[in-house]
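One structure is given below, encoded as structure tokens.
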Amino acid sequence: MQRLARHQLLPVLSLLLSATLWGLVWYPLRLLEARGLEGLWLTLTSYGAALAVGLLWAWPSRHDWRGQTLVLVLMGLAAGWCNVAFVLAVLDGTVVRVLLLFYLSPVWTLALGWLLLAEHPGRAGLVVLVLALLGALVMLWNPAMGLPWPLSEADWLAVSSGFAFACSNVLVRKLRQVSIQTKSLVTWLGVVLVAAGGVLLGSQPAPTVTGDTWFGALLLGWFGFMIMAPAVIYGVSRMPVHRSAVILLFELVVGAVSSLLLSDERIVAQEWAGGALILVAAYLAAHAHVRDSR
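Count along the sequence shown from 1, add 144, and you get the number used in my numbering.
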């Protein structure tokens, strides 16, 4: 019985771990950028470090590509743009605003999951989704931050990243027979390819930074992105996508609190109220997963 309970909770805890790390990752990214390592090169270095180790980790699962090549390629491209756009957005924009616009993704996830996976959220699922989106809207309803609509390049990057995130998660869910190792490797490979393409298209020379700055980017890849990708893939693979999308909204709360504590950004009462609604929605989604798994 205890083993079954742990099995039911692990996907939820995995998603909450990933959401927590994603809500905090903006801080080391900004520290490294402040030392001269710009967004695309920072992304390329960190995810390149994850990819190098991931190649060894995923090698025993190399046969997963058979018959799934096209879907894996599409998943890699979606994950690649999602991560690159997110990094660039949090480096240039306001943390909370970027996260809020990124987390329009439950809307895309619901639509794509319905169309491509035939996963119907039902009335209860729709209530949870509406509650979560209402929380996001309340958090964003701050005249100083503008209306919940993209107003800058960082905003558009955040929105497009959220859409790509939804596409990636739906494809992760579709690839149920493919191992976590392979899906994680495809994620890291997709990010490296998109970031490298951005560097080449922008003709961006390698920045002149200290060795410890490069090493810091490598550490972020090994102890950050190497944990975050498998964690979210594990959770998304084991529950309907509309439910995982709501649980991942916990990242908004972590991002809001961390930006309050670690930056000069300030959070108003509406944002705290919205965060509370999101936490309630995440709890209901997590509770529903455990209940339905019994």
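Even glycine gets a Cβ: it sits at the ideal position worked out from N, Cα and C.
Residue i to residue j, Cα distance in whole Å?
i      : j      : result
Val393 : Val217 : Checking the displayed sequence, the identity of residue 393 turns out to be Leu instead of Val. The straight-line gap from Cα to Cα measures roughly 26 Å.
Leu200 : Leu278 : 43 Å
Val385 : Val314 : 7 Å
Ala451 : Leu344 : Coverage of the chain is limited to positions 145 through 438, which leaves residue 451 absent and any answer about it impossible.
Ala373 : Leu173 : 17 Å
His433 : Val282 : Summary for His433: the model assigns pLDDT 46, below 50, so the residue's position carries little reliability; its value from the coordinates is reported in the next sentence. Whole-angstrom Cα-Cα distance: 26 Å.
Leu186 : Arg241 : 22 Å
Ser388 : Asp356 : 37 Å
Val197 : Val169 : 20 Å
Leu275 : Glu395 : 16 Å
Leu404 : Leu232 : 20 Å
Val338 : Asp408 : 31 Å
Gly399 : Asp299 : 16 Å
Phe367 : Arg210 : 30 Å
Tyr171 : Gln348 : 23 Å
Ala229 : Ser305 : 5 Å
Leu362 : Leu301 : 24 Å
Smallest Cα separation from residue i: which of the options?
i      : options                           : result
Leu184 : Ala340, Leu396, Gly368 and Phe369 : Ala340
Phe307 : Trp225, Glu182 and Pro349         : Trp225
Ser296 : Thr213, Thr357 and Leu245         : Leu245
Val397 : Leu421, Gly379, Ile377 and Val322 : Leu421
Val322 : Leu363, Ala310 and Tyr378         : Tyr378
Val213 : Leu157, Trp300, Thr326 and Trp166 : Residue 213 is actually Thr in this sequence, not Val. The residue with the shortest Cα to Cα distance from Thr213 is Thr326.
Val303 : Gly237, Leu363, Leu259 and Pro349 : Gly237
Leu159 : Ala298, Leu405, Ile391 and Val424 : Ile391
Asn227 : Ser402, Leu406 and Val376         : Val376
Phe369 : Ala163, Ser305 and Val401         : Ala163
Met383 : Ser305, Asp208 and Lys318         : Lys318
Val424 : Leu301, Val271 and Gly365         : Val271
Gly365 : Trp166, Leu157, Pro155 and Val156 : Trp166
Leu161 : His207, Val239 and Ile371         : Ile371
Under 6 Å Cβ to Cβ from residue i, same chain only, skipping five residues before and after it: list those, please.
i      : result
Ala223 : Ser312, Thr331 and Gly334
Gly180 : Pro351 and Val353
I need the boundaries of the alpha helix (DSSP H) containing residue i, first residue and last residue.
i      : result
Trp203 : First-last for Trp203: undefined, no H or E at that position.
Ser440 : With the chain covering 145 to 438 only, the question about residue 440 has no answer from this structure.
Gly379 : Met370 to Ser381
Thr319 : For clarity, residue 319 is Leu in the given sequence; the question names Thr instead. Here Leu319 belongs to no alpha helix (DSSP H), and DSSP marks it neither H nor E.
Arg174 : Trp170 to Ala178
Gly211 : Counting along the chain, Gly211 falls outside any alpha helix (DSSP H), and DSSP gives it neither H nor E.
Ser296 : No alpha helix (DSSP H) holds Ser296; DSSP gives it neither H nor E.
Please confirm if residue i has its CB atom under 8 Å from at least one CB of chain C.
i      : result
Ala194 : This model lacks chain C altogether, as it is built from one protein chain only.
Kindly list the residues whose CB is nearer than 7 Å to the CB of residue i, restricted to its own chain and excluding five residues on each side of it in sequence; keep chain order.
i      : result
Trp358 : Thr189
Arg320 : Ser381
Gly360 : Leu176
Val336 : Leu188, Tyr191, Gly192 and Leu195
Val316 : Met219, Lys327, Ile377, Val380 and Ser381
Could you pull out every residue in the same chain whose Cβ sits closer than 8 Å to the Cβ of residue i, ignoring the five residues on either side in sequence?
i      : result
Val215 : Leu315, Lys318 and Leu319
Gly346 : Leu184
With respect to 7 Å, is the separation between the Cβ of residue i and the closest non-hydrogen atom of the ligand FAD below this value?
i      : result
Ser205 : For the structure depicted, the ligand FAD is absent and the ligand set is empty, with no information on it obtainable.
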